[in-house]
Amino acid sequence: MLTAGRLFARQHRIQATVEHILINCSARETRVAVIVESVLRDLFIERASARGLVGNVYLGKVVRVLPGMQSAFVDVGLERTAFLHVADIAEAKTETEALKPIETLLHEGQSLMVQVAKDPIGTKGARLTTTISLAGRKLVYLPRDPHIGVSQRIESEEQREELRAMMTALRPETEKGGYIIRTSAEEGATEEEFRDDMAYLGRLWEEIGEKAKKSHPPALLYQDLSLAQRVLRDMVHQQTDRVEVDSAKDFDALRTFAERFVPGVAEKLSLYEGETPLFELHGVEAELEGALGRRVDLKSGGYLVFDQTEAMTTIDVNTGGYVGKRDFSDTIFKTNLEAAQTIARQLRLRNLGGIIIVDFIDMAREEHREAVLSELRRAVATDRTRMTVSNFTELGLVAMTRKRTRESLAHVLCEPCPICGGRGQVKTARTVCYDIMREIVRLCKQYKDTREYRILASQTVIDMLLEDESPALELLQQTVEKPVLLEVENTYSQEEWDVVLA
1 MLTAGRLFAR
11 QHRIQATVEH
21 ILINCSARET
31 RVAVIVESVL
41 RDLFIERASA
51 RGLVGNVYLG
61 KVVRVLPGMQ
71 SAFVDVGLER
81 TAFLHVADIA
91 EAKTETEALK
101 PIETLLHEGQ
111 SLMVQVAKDP
121 IGTKGARLTT
131 TISLAGRKLV
141 YLPRDPHIGV
151 SQRIESEEQR
161 EELRAMMTAL
171 RPETEKGGYI
181 IRTSAEEGAT
191 EEEFRDDMAY
201 LGRLWEEIGE
211 KAKKSHPPAL
221 LYQDLSLAQR
231 VLRDMVHQQT
241 DRVEVDSAKD
251 FDALRTFAER
261 FVPGVAEKLS
271 LYEGETPLFE
281 LHGVEAELEG
291 ALGRRVDLKS
301 GGYLVFDQTE
311 AMTTIDVNTG
321 GYVGKRDFSD
331 TIFKTNLEAA
341 QTIARQLRLR
351 NLGGIIIVDF
361 IDMAREEHRE
371 AVLSELRRAV
381 ATDRTRMTVS
391 NFTELGLVAM
401 TRKRTRESLA
411 HVLCEPCPIC
421 GGRGQVKTAR
431 TVCYDIMREI
441 VRLCKQYKDT
451 REYRILASQT
461 VIDMLLEDES
471 PALELLQQTV
481 EKPVLLEVEN
491 TYSQEEWDVV
501 LA
């Protein structure tokens, strides 16, 4: 019998990872793929028509203050007014834990400099904060907060103290702002890199201030870097082998940006000039199509089924055609292990957030459940988005939460089906026929002077009325004592129809 521990160890020998970043640029869309050990790990898409707003700084106008919710709506020039909670107002914080009432801080018509902390999602407007933060390569500048902090992802307490001490010594006595040392500083930041960031971010804040003085709300004061620029600033590290760009124009612009702000990255940039499209060459296009489907096949023969709703995402694990070489418990265990790895990867590719429920195949042995749970936690540990993973419930389910940072891949690339309205199914032609007949009976009672009824419907529905439902149609004409005419409307879907009175 192959034990859980032996199988787990055999499948997960640690290897040095090699990362490869692909940047596909077109006039209105930028796509970035992060490939680790020849496997697509992350996918980012930014469109000019729907560019993310997080990090943008606006001069807004308070349009409504809600004391009961301790919140305010602020017009920053977007389609929907943005939302500001009292906890996100720097001036509301006191030495005690209590916050000042929002009605004492804001009033309608007031001009206010704010920054987008969270993109609009669904029907919700953008979430704002008055605590402005500007990100550099190694530092995040807090012009209104004197605090000096260190990213929580830097776990070594000794290194955290060293970095904090370095930053404290470098900050001028006249500087009123503070800094947060980013995770990228963990790889060995130098005083020169800190000074470069401080100078760049200081100039940037001065430009924002000057623009604010000359603007009237609502006005955009600062727009965060483009997706490609953020990738160079935040995602390129020692394990990154190369960054390929498939547009000569964007390559030149990114190289200029890198040479100015992230010099160590410039040497890793390369221009792809091959005939085969960059994403197609590396299999990204096929992976992208797969990430939009409900079903994801596993190499073992099992498969996953993803269902995304407003409340949560559910993932069902199935053995499929995999029967294994030993007993059935090993088959289940191996399928669940592979599923744990694939689920972590698919959550990142699909950018699914909120509550996620995983229904693994039931396992009788406790050591199998522990090994699968450990593998799931190991697989999600590399996710840049904060996640929590619970233990197995009595029903054999695992609940997870993944912070919502932007719209899911499906919401970015797809829209609800115009035929079914997003239900995933349509009424049968027979059901539509009966709906039409009931409507004619209703109209007959309401409009007694009608001479005839004309049904406009799709070819499928008309065929059903002429064939299988012809006896019912004949009975309907006897009931209403008027002729019922049929007409095919080729532009109608199966569920669309009209009854015209004459």
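The UniProt record's numbering numbers the first residue of the sequence shown as 1 and each following residue consecutively.
Built from N, CA and C at the ideal position, the CB exists for glycine as well.
A quick note: this is a predicted structure, and the numbers were derived from the prediction, not measured.
L373 is the residue among R350, L201, V500, L373 whose C-alpha sits nearest the C-alpha of V358.
With a minimum length of 3 residues, the unbroken runs of beta strand (DSSP E) contained wholly in the region 430-488 fall at 453-457, 484-488. By the Cβ test, the region 329-349 is in contact with the region 300-319, since at least three Cβ pairs between them sit closer than 8 Å. Beta-carbon to beta-carbon, R350 and S408 are separated by about 6 Å, close enough to satisfy the 8 Å threshold. No residue range can be given for V18, since it is assigned to no beta strand (DSSP E) and is classified by DSSP as neither H nor E. Straight through space, the alpha carbons of G396 and R365 are spaced by roughly 12 Å.
For S215, the CB contacts under 6 Å within the same chain, skipping 5 residues up- and downstream, are L59 in chain order. Put simply, of Q494, A381, T81 the residue whose alpha carbon is nearest the alpha carbon of C417 is Q494.
When secondary structure is reduced to three states using DSSP, F392 falls in the strand class. Annotation for F83: the continuous beta strand (DSSP E) segment containing it runs 82-85.
In the DSSP assignment, W497 is bridged to A457. In the structure shown, K61 adopts extended strand secondary structure according to DSSP, grouped into three states. Partner residues in a beta bridge of D250, as assigned by DSSP, do not exist.
If you draw a straight line from the Cα of L281 to the Cα of V412, it comes to about 23 Å. Under the DSSP assignment, A72 falls in the beta strand (DSSP E) whose first and last residues are 71-75. Here the region 81-93 makes contact with the region 118-133; the two share three or more CB pairs at distances below 8 Å. With respect to the 7 Å criterion, I361 and I343 are not classified as neighbours on the basis of their beta carbons. A check of alpha carbon separations from A258 across S226, E29, V461 identifies S226 as the nearest. M235 sits in coil when the DSSP states are folded into three classes, being neither helix nor strand. Between F279 and E273, the CB-CB gap reaches or exceeds 7 Å. CA-to-CA, the gap between F392 and R230 works out to about 37 Å. Q459 sits exposed, since fewer than 16 C-beta atoms from the chains shown fall within 10 Å of its C-beta. In this chain, the beta strand (DSSP E) harbouring T314 covers 312-318. The residue among R144, V140, A189, I208 with its C-alpha nearest the C-alpha of Y179 is V140. Burial state of I21 is buried, judged by a 10 Å Cβ sphere holding 16 or more other Cβ atoms.
When beta bridges are read from the DSSP output, L139 appears opposite I181.
Taking a 10 Å sphere around the C-beta of R64, we find fewer than 16 other C-beta atoms and assign the residue as exposed. Beta-bridge pairing by DSSP links M400 to I356, V389. Shown here, E366 sits in a helix according to DSSP, grouped into three states.
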